[in-house]
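Numbering (the numbering used here), first residue to last: 2 to 619.
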Amino acid sequence: MSAPPSHATAKASNAGIDAGTEVDTPTPAADLISKDPRTFKVAPHLLDREAVCRDFRWAHARQALAGLTGGALNIAHEAVGRHALGSRAGHVAIRWLGADGTRQTLTYRELDAQSSRFAHVLVAQGLRQGDLLFVLMPRVPELYVAVLGALKAGLAVAPLYPAFGPEPVAARIEIAGGRALVTTPELYRKKVAPVRSRLVTLTQVFVSNARDAQGEESPDGTLDLQHLMDQASPVFKTVATRPQDMALLHFTSGTTGRPKGAVHVHEAVLTHWATGRHALDLHEDDIFWCTADPGWVTGMSYGVITPLLHGVTMVVDEADFDPLRWYTILQDEGVSVWYTAPTAVRMLMKAGAQAAARFRFPALRFIASVGEPLNPQAVRWGQQVLGLPIHDNWWQTETGGIMIANTVAQPIKPGSMGRPLPGVEALVVQRQEGGAITRAAPGEQGELALRAGWPSMFRGYLGDEARYRKCFAELDGVPIYLSGDVVRCDAEGDYWFVGRADDVIKSAGHLIGPFEVESTLMGHPGVVEAAVIGKPDPLLGEIVKAFVTLRPGVEPTETLHRELLAHARVRLGPAVAPRELEFRPALPHTRSGKIMRRLLKARECGLPEGDLSTLEAS
Ligand code: ATP
Ligand code: MG
2 MSAPPSHATA KASNAGIDAG TEVDTPTPAA DLISKDPRTF KVAPHLLDRE AVCRDFRWAH
62 ARQALAGLTG GALNIAHEAV GRHALGSRAG HVAIRWLGAD GTRQTLTYRE LDAQSSRFAH
122 VLVAQGLRQG DLLFVLMPRV PELYVAVLGA LKAGLAVAPL YPAFGPEPVA ARIEIAGGRA
182 LVTTPELYRK KVAPVRSRLV TLTQVFVSNA RDAQGEESPD GTLDLQHLMD QASPVFKTVA
242 TRPQDMALLH FTSGTTGRPK GAVHVHEAVL THWATGRHAL DLHEDDIFWC TADPGWVTGM
302 SYGVITPLLH GVTMVVDEAD FDPLRWYTIL QDEGVSVWYT APTAVRMLMK AGAQAAARFR
362 FPALRFIASV GEPLNPQAVR WGQQVLGLPI HDNWWQTETG GIMIANTVAQ PIKPGSMGRP
422 LPGVEALVVQ RQEGGAITRA APGEQGELAL RAGWPSMFRG YLGDEARYRK CFAELDGVPI
482 YLSGDVVRCD AEGDYWFVGR ADDVIKSAGH LIGPFEVEST LMGHPGVVEA AVIGKPDPLL
542 GEIVKAFVTL RPGVEPTETL HRELLAHARV RLGPAVAPRE LEFRPALPHT RSGKIMRRLL
602 KARECGLPEG DLSTLEAS
């Protein structure tokens, strides 16, 4: 495999992540996925990455946007308002694919008008700038209308993943003190009605029944959105929000513990615009598909805001994951830029190359992925099966936008997250005993930090100021944000994910990054997914334990068990390879698709399971 020279054996100390001792060597050319510039279908925005990084200023992103008078800035105006006034007005903004085969398109002009109606509805109901609207909707056009309309009216938007049960829905509305909610009759009945009496701050619930074939009446205690929209004007003067006004509230995935509510402001739109250009390479004629649900930060930042900022057509699929459906969409909709997640890629890999072989993807020119480490096998699978490598990139709910990325014109080192984007300064640091922060030596692993102050940086954890403050420190007088992820930066400036700080395993004085071990296991042809944890051990501190799911048709035999342990030992060495391995039919994932290692660990150790509100039902 093409992971970097192993740094999994960096020495552990009580003072945090200590120096690795190995010498950094460049990735061999044979392991690089190089690109021939003659194959680019359009000239990449980041053809000369170094030059763009050197010259880029956030002010350039601001200049590319319209703004409102007096220095005001509103995400919805940038996403639809300004396009509806210009040459993109008649261009299709949303191409919606219903689960039942229905299709609908909305041009920028139509999306603008619809969202203006919704803004009027909110205002007519007494909702004002500073209020918070929760959005609990399936992926239907009304969701996009509601998000943009609320932002136009100056409200902040908090999306909720529609598969949440009533408890996670209630907990989030309660902690944020949400005043309004938009949902569907079905979701209202199942998710909100059972907890409504608890939600004392929630004064208005809008129910959109546009897609209800029975024309179902709005439930008691709710407002009929269609009725109100029909009476509203399609022209609305967007509220002149300030760049620092709250725009979005996103809850984290809950992979490491109880989800946190990260506050984002309208200024985040600068990052959305810049990353749409630099990381996703969006051009006007693109057909863009982001597979993430807008209930999560990826689905909102890159499945709603960013494509609209760039005036492209975005595909929205209402249905859940299905390999043949996804290949059909990529082919038949002529998707040119595709943004997805490692879990989805692994599921496509599991479905087998023959599933993809029936399809052709001549329009596809760029694929990117985020959310979890992207195993080198997945990057190469993209190249072999879809004709393009998958470009890993890194960011978090807290960063509000892509920070580190493999970009369209640069060679890929499979397994690496790539380099910081223009305007982003990343560094690797170590927390010393006593709390001091120091810079890691070149090539050494440590915590990924970012110079604070990029536009989409979160501005708080709702209701937890102390925790927010703990995310920041100073290094040489410069404020930095500490991500909680452990990485390594190689001599050429490419970042390699090691593991979350919580998941790094300390065994016999070694620090072991789960990602490298998991990727090695995935290098075995029988393995489809792997997760490793540190299992407490009286002698070694922790031992590496692996949980593995197998490809369909591969039997979990004793022989395979021995073979996998040997496969890992040969490649990683005995200090790093798993000592225990268990086959599982499936691994626990968050609803946003991340492996929940903490749950595997809690169950293994008989510890409390903690907050499971984001656990995907298996
Ligand atoms: P919580 O903070 O509640 O535990 P979470 O961190 O999973 O949940 P998100 O903000 O959705 O919530 O996910 C961000 C995290 O996902 C990152 O901190 C990182 O650990 C992981 N991640 C994202 N992209 C990548 C990537 N390309 N490679 C490795 N890890 C990634
Ligand atoms: Mg996190």
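Think of the CB as a built atom: it goes at the ideal place given N, C-alpha and C, for glycine as much as any other residue.
Burial is judged here by how many other beta carbons sit within 10 angstroms of a residue's own beta carbon; residue 606 has fewer than 16 and is exposed. At a threshold of 6 Å, residue 501 counts as near ligand 1, since its beta carbon sits closer than that to one of the ligand's heavy atoms. For residue 34, the closest C-alpha among the options 227, 104, 413 and 163 is that of 413. Close CB contacts of residue 572 within its chain, under the 6 Å cut and outside five residues either way in sequence, are with 521 (chain order). Taking non-hydrogen atoms of ligand 2 into account, the C-beta of residue 253 is found less than 6 Å away from one of them. Collapsing the DSSP output to three states places residue 98 in a strand.
Here DSSP, grouped into helix, strand and coil, assigns residue 606 to helix.
Distance from the C-beta of residue 393 to the nearest heavy atom of ligand 1 is below 6 Å. For residue 228, the closest of 236, 241, 208 and 500 by C-alpha to C-alpha distance is 208. The beta carbon of residue 486 lies closer than 6 Å to those of 449 and 501 in the same chain, with the five residues before and after it left out. Going by DSSP, residue 327 is part of the alpha helix (DSSP H) stretching over 324-333. Secondary structure at residue 537: strand, using DSSP grouped into helix, strand and coil. The DSSP-derived three-state label of residue 516 is helix. The segment 114-130 makes no contact with the segment 271-278, as fewer than three CB pairs between them are under 8 Å. Per DSSP, residue 294 is not a residue of any beta strand (DSSP E), being assigned neither H nor E. Under the three-state reduction of DSSP, residue 601 is assigned to helix. For residue 62, no pairing in a beta bridge is given by DSSP. By the C-beta criterion, the segment 319-326 is judged to be in contact with the segment 95-108, since at least 3 inter-stretch pairs fall below 8 Å.
Excluding sequence positions up to five before and after residue 542, its CB lies within less than 7 Å of the CB of 507, 508 and 509, all in the same chain and listed in chain order.
Listed in chain order, the alpha helix (DSSP H) runs fully inside the segment 34-63 are 50-56, counting runs of at least 4 residues. In this structure, residue 277 has its beta carbon at no less than 6 Å from each heavy atom of ligand 1.
CA-CA distance, residue 42 to residue 556, rounds to 44 Å. Closest option to residue 332, judged by alpha-carbon separation, among 361, 356 and 339: 361. A residue is called buried once 16 or more other Cβ atoms fall within 10 Å of its Cβ, and residue 37, having fewer, is exposed. Residue 420 is bridged by DSSP to 406. Between the C-alpha atoms of residue 593 and residue 398 there is a straight-line separation of about 12 Å. Residue burial annotation: residue 325 is exposed, with fewer than 16 other C-beta atoms found within 10 angstroms of its C-beta. Residue 221 and residue 193 have their alpha carbons spaced roughly 12 Å apart. Remark: C-beta atoms of residue 386 and residue 406 do not approach each other more closely than 7 Å. CA-CA distance, residue 348 to residue 240, rounds to 43 Å. Taking a contact to require three or more Cβ pairs closer than 8 Å, the segment 280-288 and the segment 57-72 do not qualify as touching.
A straight-line Cα-Cα distance of about 29 Å links residue 390 and residue 58. At a cut-off of 6 Å, the beta-carbon of residue 486 counts as near ligand 1: some heavy atom of the ligand is closer than that. Residue 177 places its beta carbon less than 7 Å from that of residue 133. Counting along the chain, the unbroken beta strand (DSSP E) around residue 134 starts and ends at 133-137.
Cβ neighbours of residue 48 within its own chain (closer than 6 Å, five residues either side excluded): 410.
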